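Enquirer:
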Amino acid sequence: MRVIITPDAFSPDAELAAFSAQRNGEAGALASFVGYCRAHAGDHPVQRLELQHYPGFTEVEVRRLAEAVLARHTLLDLLVIHRVGAIEAGEAIVLVAALSDHRAAAFAAVSEMMDYLKTDAPMWKREVGIAGARWIEPTAEDHARRQEHAK
Amino acid sequence: MRVIITPDAFSPDAELAAFSAQRNGEAGALASFVGYCRAHAGDHPVQRLELQHYPGFTEVEVRRLAEAVLARHTLLDLLVIHRVGAIEAGEAIVLVAALSDHRAAAFAAVSEMMDYLKTDAPMWKREVGIAGARWIEPTAEDHARRQEHAK
Amino acid sequence: MTTLLFFGRLSDVAGCSRMACDLPQTVTTVAALRAWIAARDPILGQAIQAQGVRVAVNRSFCVSDMECTLGAEEIAFMSPLSGG
Amino acid sequence: MTTLLFFGRLSDVAGCSRMACDLPQTVTTVAALRAWIAARDPILGQAIQAQGVRVAVNRSFCVSDMECTLGAEEIAFMSPLSGG
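Heads up: the sequence lines are chains A, B, C and D, in that order. First residue of the first sequence: 1, per this note's numbering; consecutive thereafter. First residue of the second sequence: 152, per this note's numbering; consecutive thereafter. First residue of the third sequence: 303, per this note's numbering; consecutive thereafter. First residue of the fourth sequence: 387, per this note's numbering; consecutive thereafter.
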């Protein structure tokens, strides 16, 4: 399992290729998700996102969430990379990938990890546009999805 | 939307990178799944899979399934690549990827497309090992998952 | 002339994946075709009755065994599908 | 000396994300700390009462407002989390 919280831009393609390359013919299923910073939110342009985090706490909590996902599903490996700091439109914010023998476990793990990140990871997202900045807070839907997973 | 049924080996990493590159800062969410040919099934080694298909029918049916997925979810794009013929252990069998504004739609589309492929796509999978060949047929679980989607 | 196709496990049972047949005029439905096959090859006849076997006439899935096969160019018997 | 941290929207309201305080001996719980902050800055005091705000004492999430803050080095007030 690798959990990386980083201020540096990363290539989800390259990270996913490296993650999948270590499967050695064993895993049958690779599910993944990449969240990108969009150039628009609704009808207004977005210049960048700023992800505030709590150094020393964010890393520990995200790792704890990833360990919970790993414990709940039969996985061969799990990868979580999350940007913090300033993220330009078009750049990747988050990559989650799971290798498993079975597709259902791989899908469930990635989906659940994303739901956890949305509501349980100590990070705060601010959208910066021409008109100024605004904080993005989780939606009722995010919380509802989170509630579907047992604690 | 691209739907490819091919006897040629493909690189899921390269295909996914190309698919994601055309998003132009618009899509916020990329979900994907890769199914690989495993080197083992349970405790016995697998040399390769052979995927029989029905030329002229398989292509039409898989495209029809992909169109149904596209119609049911708010997607920006959908990619389906499926190998047929002889597939060596370690090679990719299938890649499904969906670009969307929202992660829930992207996840649902990929997961549903995989479920359809398992039970509704005219393809027949045979596992070839040292001891001989055996046909793989969908499990009760595959059918149960498929039943969760409306027709 | 009608081409019968067999896929998956059925291609092993049939001993081939493709068979050109001159079907008699009495074979007008999928059900009649099953009976005709069973009369000529009882083992294959039983195999195409197995649960999960699907039939396509001219590359269109059949919903009922009463579907017409008259003049069909291609009729496929398919073991349970297993892509992905 | 205790460091108070404010994250998300709360860092805007507090006007800073970090504040070093000499908390009085009477501030022994999270509830008492909220009241102490509200007395000094009513707007911030109201903001930290908002739904979804979470508190961590020494980098551990609080479950109850009755949790002890005595001798805490770091207490964080966090707007609703929004990663991913």
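Just so you know, even glycine gets a beta-carbon here, dropped at the ideal spot from N, CA and C. As the structure is a computational prediction, the values presented were derived from the model and not from experiment.
Output, in chain order, the set of chain A residues within a Cβ distance shorter than 7 Å of R395/D.
Expert: W135
Enquirer: Near A272/B, which residues of its chain fall below 8 Å by C-beta distance, leaving aside the five closest residues on each side in sequence?
Expert: T209, E212, V213, L216, H233
Enquirer: Let me make sure I understand the geometry here. Which of L99/A, M114/A, K118/A, A92/A has the alpha-carbon closest to that of L1/A?
Expert: A quick correction: the sequence has Met, not Leu, at residue 1/A. The candidate whose alpha carbon is nearest that of M1/A is L99/A.
Enquirer: Given the structure, does A237/B come close to the ligand ADP, in the sense that its CB is under 7 Å from one of the ligand's heavy atoms?
Expert: Ligands are entirely absent from the displayed structure, and the ligand ADP is therefore not among its contents.
Enquirer: Identify every run of the beta strand (DSSP E) within the stretch 404-429 of chain D, keeping only runs that are complete inside it and at least 3 residues long; order them along the chain.
Expert: 404-407
Enquirer: Step through the CB atoms of chain B and report whether any lies within less than 8 Å of the CB of I339/C.
Expert: no
Enquirer: Are the stretch 6-24 of chain A and the stretch 162-173 of chain B touching by the rule of at least three beta carbon pairs closer than 8 Å?
Expert: Pairwise C-beta distances place the stretch 6-24 of chain A in contact with the stretch 162-173 of chain B, as three or more of them are shorter than 8 Å.
Enquirer: One question on the structure: do L396/D and S465/D come within less than 8 Å of each other, judged by their Cβ atoms?
Expert: yes
Enquirer: Can the beta-carbon of Y205/B be found less than 8 Å from the beta-carbon of F308/C?
Expert: no
Enquirer: Thinking C-alpha only, which one of M114/A, A133/A, G56/A is nearest A5/A?
Expert: Checking the sequence shown, residue 5/A turns out to be Ile, not Ala. The option with the nearest alpha carbon to I5/A is G56/A.
Enquirer: For Q198/B, tell me which candidate among V279/B, A180/B, A295/B, A260/B has the shortest Cα-Cα distance.
Expert: V279/B
Enquirer: Consult DSSP for K302/B and reduce its assignment to one of helix, strand or coil.
Expert: Note that K302/B scores 46 on pLDDT, short of 50, meaning its location in the model is unreliable; the coordinates nonetheless yield the value given after this. Reduced to three states, the DSSP call for K302/B is coil.
Enquirer: Against chain C, does K302/B count as a neighbour if the rule is that its beta carbon must be under 8 Å from one of theirs?
Expert: Here K302/B scores only 46 on pLDDT, less than 50, and its place in the model is too uncertain to base an answer on.
Enquirer: Tell me which residues share the same chain as G347/C and place their Cβ nearer than 6 Å to its Cβ, disregarding the 5 neighbours each side in the sequence.
Expert: I339, A340
Enquirer: Using the three-state DSSP reduction, which class does L227/B fall into: helix, strand or coil?
Expert: Reduced to three states, the DSSP call for L227/B is coil.
Enquirer: Using the beta-carbon count (16 or more within 10 Å), is E112/A buried or exposed?
Expert: So E112/A ends up on the buried side.
Enquirer: Does M254/C get closer than 8 Å to chain B when you measure Cβ to Cβ?
Expert: Residue coverage of chain C in this structure runs from 303 to 386, which leaves residue 254/C outside it and unanswerable.
Enquirer: Would you please state the rounded distance, in angstroms, between the beta carbons of L49/A and I87/A? I believe it to be under 8 Å.
Expert: 5 Å
Enquirer: So if I threshold CB-CB distances at 8 Å, which residues from the stretch 43-54 of chain A count as touching chain D?
Expert: L51, Q52, Y54
Enquirer: With a cut-off of 8 Å on the beta carbons, I'd call I281/B and P196/B a contact; round off their distance for me.
Expert: Under the criterion of beta carbons closer than 8 Å, I281/B and P196/B qualify as touching, at roughly 7 Å.
Enquirer: Based on the DSSP secondary-structure assignment, which residues constitute the bridge partners of G310/C?
Expert: DSSP lists no partner for G310/C.
Enquirer: Below 8 Å on the Cβ atoms is my guess for V441/D versus F463/D; work out the distance and round it to an integer in Å.
Expert: V441/D to F463/D, Cβ: 6 Å. Contact.
Enquirer: With DSSP as the reference, label A49/A as helix, strand or coil.
Expert: As written in the sequence, residue 49/A is Leu, which differs from the Ala given in the question. DSSP places L49/A in strand when its eight states are reduced to three.
Enquirer: For L456/D, count the other beta carbons within 10 Å of its own beta carbon; 16 or more makes it buried, fewer makes it exposed. Which is it?
Expert: exposed
Enquirer: Measuring only the C-alpha atoms, how far is A41/A from L95/A?
Expert: Near 20 Å, if we compare the C-alpha coordinates of L95/A and A41/A.
Enquirer: Using a Cβ-Cβ cutoff of less than 7 Å, which residues in the same chain neighbour F107/A once the five nearest sequence positions on both sides are dropped?
Expert: Answer for F107/A: A31, listed in chain order.
Enquirer: Within 8 Å (strictly less), CB to CB, does R72/A reach chain B?
Expert: Closer than 8 Å: no.
Enquirer: Kindly say whether G470/D, judged by its beta-carbon, lies nearer than 8 Å to any beta-carbon of chain A.
Expert: yes
Enquirer: When you check each C-beta in the stretch 265-286 of chain B against every C-beta of chain C, which residues fall closer than 7 Å?
Expert: Listed in chain order, the positions of the stretch 265-286 of chain B with a beta carbon within less than 7 Å of a beta carbon of chain C are M265, L268, K269, T270, D271, A272, P273, M274, W275, K276, W286.
Enquirer: Just checking: is the beta-carbon of R320/C within a distance shorter than 8 Å of some beta-carbon in chain B?
Expert: no
Enquirer: Give me the chain A residues within the contact set of G241/B, using Cβ-Cβ distance strictly less than 7 Å, ordered along the chain.
Expert: Neighbours of G241/B across chain A, judged by C-beta separation under 7 Å: G25.
Enquirer: Starting from A249/B, follow the beta strand (DSSP E) in both directions and report where the run begins and ends.
Expert: 243-251
Enquirer: Going by DSSP in three states, V439/D sits in which element: helix, strand or coil?
Expert: In the structure shown, V439/D sits in coil (DSSP, three-state: anything other than H, G, I, E or B).
Enquirer: Compare the beta carbon distance of T119/A and H149/A with 8 Å and say whether it is the shorter of the two.
Expert: With respect to H149/A, T119/A sits apart: the two C-beta atoms are not nearer than 8 Å.
Enquirer: Just by C-beta distance, which residues in the stretch 429-444 of chain D are closer than 8 Å to chain A?
Expert: G438, A442
Enquirer: Please classify C370/C as buried or exposed, where buried requires at least 16 neighbouring CB atoms within 10 angstroms.
Expert: When all chains shown are included, C370/C counts as exposed.
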